[in-house]
Each structure stands twice: as structure tokens, then as C-alpha cells.
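Peer 1:
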Amino acid sequence: MGGHDRKKLIDLALAPEPTIILAEDEAKLYLQASTMAVWTPRGQPFVVRLDPGRASTAFYGTLNVHTGQEIVTQAEHLTAQTTVVHLQALLDAYPRSNILVLWDKAPWHRGAAIRAFLAAHPRLSLLTFPTAAPDLNPQEHVWRATRRAVAHNHTQRRLPDLAARFIHYLQHTTFVSSFLHKYMYPVCADFIGSFY
């Protein structure tokens, strides 16, 4: 973590208003089921439907690393404009709080639309994860759990039905994250310790 990023975290930690810390990422969902080992009664093989097409939809998912609650937005394509729609959903979900969004360096996280949105909404701050470090992002673990629960071995015939199940699982599951204890609290503790 660079000096500028460390300063941003410390400033937010010391701010009089609380800051909501969120981890964001995107995922694609395909109608084609991914397969996993599954138990079935002897002589009754489990059948997974094959989809010859590439029907898919995209999701923006954002995890509140303190509460484990998820905010999800579905999009046909991942663009700066659809990213702005998701950022607005975050502001709407936390209308009175400062928000720190941790995310990666995806191309749809950049551009004029993103810069204009951030300039118009100063209570929203962004911090990027290091390049090629998806394991640092707790949202990746949310995607993994949701795919295991919904997309592996599914028997849905229509993508909208599968997407609805995906969204329902995300919105009705609490995802425990150790992110604050692993990464955020030590940064603040190091800063406070520097005064002693």
C-alpha cells in the first residue's frame, strides 16, 4: 500500500463521520452450468443441462466488509456508464455516510463518466487493490460462494431465472469477511503506534 493510499485510509479512520467500507467486483453468469461433485441415490445419475449458446449476464457486487451485506446490480455489459449506475446504488444504500469503495483496475472503473460522478459525489472515495491480486478482494469470495450455491449443477432452463436466483442468494446471505482485521485495522494501529 502506497503512502497516498495509507494516508487516505487514516484520514477516513479519523474522520468524525463514520465511513462505510465496501469491496466491489464484477462477475459474469452463464446459463451453462458448471459442474461439481454431487451425491445422488445409487442408480439415479444427476443430469446437468448443457447450453450450447453463450447466454450470459453481468453483475456488479459490493460487500460491506463490516456487516457482510451485499449490494448487487445486474447489467448486460460492463461499461463506465453501468459502473456509475452501480455507484449510485451504493450512495442510495448509504445516504448519510461517507463511503470507501475498494476495487480493482478494470477498464470500466476509469473514464470521464467515473471522474464526473466522483466529482459530483464527494462522500464517495475509491481505493484500488494492487494489480493481479484478486485474493485480496473479499468480493471474490462472495462470488465463489454464490456460484457454488446457485450456478454449479443447476437445472435452470432460462438465464433470467438463474439470474434471479443469483441475485436472491446475494441479497439474502450474510457473507463473513476477515478483511478489516487482516488489512484495515493493522494500518490504523501502525499509525496510532507511531505517536508513542
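Reminder that position 78 of the sequence shown reads as 117 in this note's numbering, one-by-one numbering, no gaps.
Glycine included, every Cβ here is placed at the ideal spot set by N, Cα and C.
(1) Given P57, which residues of its chain have a CB within under 8 angstroms of its CB, disregarding the five upstream and five downstream residues?
(2) Since D200 is in the alpha helix (DSSP H), which residue starts that stretch and which ends it?
(3) What residue does the alpha helix (DSSP H) around T185 start on, and which one ends it?
(4) I'd like the span of the beta strand (DSSP E) that includes D143, first residue to last.
(5) Less than 8 angstroms separating the Cβ of Q120 from some heavy atom of the ligand MG?
(6) What is the DSSP secondary structure of L126, counted as helix, strand or coil?
(7) For the alpha helix (DSSP H) containing L157, name the first residue and the last one.
(8) Report buried or exposed for S216, applying the criterion of at least 16 other Cβ atoms within 10 angstroms of its Cβ.
(9) Contact defined as beta carbons within less than 8 angstroms: I believe V140 pairs with L61. What is the distance between those atoms, to the nearest angstrom?
(10) Once DSSP output is grouped into helix, strand and coil, what is the label at A108?
(11) Pick from N103, Y69, E65: whose alpha carbon is nearest that of R204?
(12) Per the DSSP calculation, Q113 is bridged to which residue(s)?
(13) What does DSSP give as the partner residue(s) for E65 in the beta ladder?
(14) Of the choices V111, E63, I206, whose alpha-carbon is the least far from that of L165?
(15) Can you tell me whether T185 is buried or exposed? The criterion is at least 16 other CB atoms within 10 Å of its CB, across all chains shown.
(16) Return helix, strand or coil for T167, following the three-state DSSP convention.
(17) Measure the alpha-carbon distance for T212 versus P173 and round it to whole angstroms.
(18) Exposed or buried, what is A155 when buried is set at 16 or more other beta-carbons lying within 10 Å of its beta-carbon?
Peer 2: According to the structure data:
(1) Working through the sequence shown from its first residue, we reach residue 57 at position 18. So the qualifying residues of the chain are S136, N137.
(2) If you number the sequence shown from 1, residue 200 lands on position 161. Element bounds for D200: 198-210.
(3) The residue given as residue 185 occupies position 146 in the sequence shown. Per DSSP, T185 belongs to the alpha helix (DSSP H) from 177-185.
(4) Along the sequence shown, read from residue 1 onward, the residue named residue 143 stands at position 104. Note, D143: premise wrong, no beta strand (DSSP E); not H, not E.
(5) As far as ligands go, the structure on display features none, and thus does not contain the ligand MG.
(6) Translated into the one-based positions of the sequence shown, residue 126 becomes position 87. L126 falls in the helix class under three-state DSSP.
(7) Working through the sequence shown from its first residue, we reach residue 157 at position 118. First-last of the alpha helix (DSSP H) with L157: 151-159.
(8) Here residue 216 corresponds to residue number 177 of the sequence shown, with the count starting at 1. It is buried - the Cβ of S216 has at least 16 other Cβ atoms within 10 Å.
(9) Taking the sequence shown and counting its residues from 1, one reaches residue 140 at position 101. Taking the sequence shown and counting its residues from 1, one reaches residue 61 at position 22. Indeed they touch by this definition, with Cβ atoms about 5 angstroms apart.
(10) Translated into positions along the sequence shown, residue 108 becomes position 69. This sequence places Gln at residue 108; Ala is not what is there. Here Q108 sits in coil by DSSP.
(11) One-based indexing of the sequence shown puts residue 204 at position 165. Per the Cα distances, Y69.
(12) Counted from its first residue, the sequence shown places residue 113 at position 74. According to DSSP, which records beta bridges pairwise, Q113 is partnered with F98.
(13) Here residue 65 refers to the residue found at position 26 of the sequence shown. Answer by DSSP bridge pairing, in chain order: Y99.
(14) Taking the first residue of the sequence shown as 1, we reach residue 165 at position 126. Nearest C-alpha to L165: E63.
(15) As a position in the sequence shown, residue 185 is number 146, starting the count at 1. Burial call: buried.
(16) Locating residue 167 in the sequence shown gives position 128, counting from the first residue. Strand.
(17) The residue labelled residue 212 in the question sits at position 173 within the sequence shown. The residue labelled residue 173 in the question sits at position 134 within the sequence shown. Whole-angstrom Cα-Cα distance: 22 angstroms.
(18) In the sequence shown, counting from the first residue as 1, residue 155 sits at position 116. A155 should be labelled exposed.
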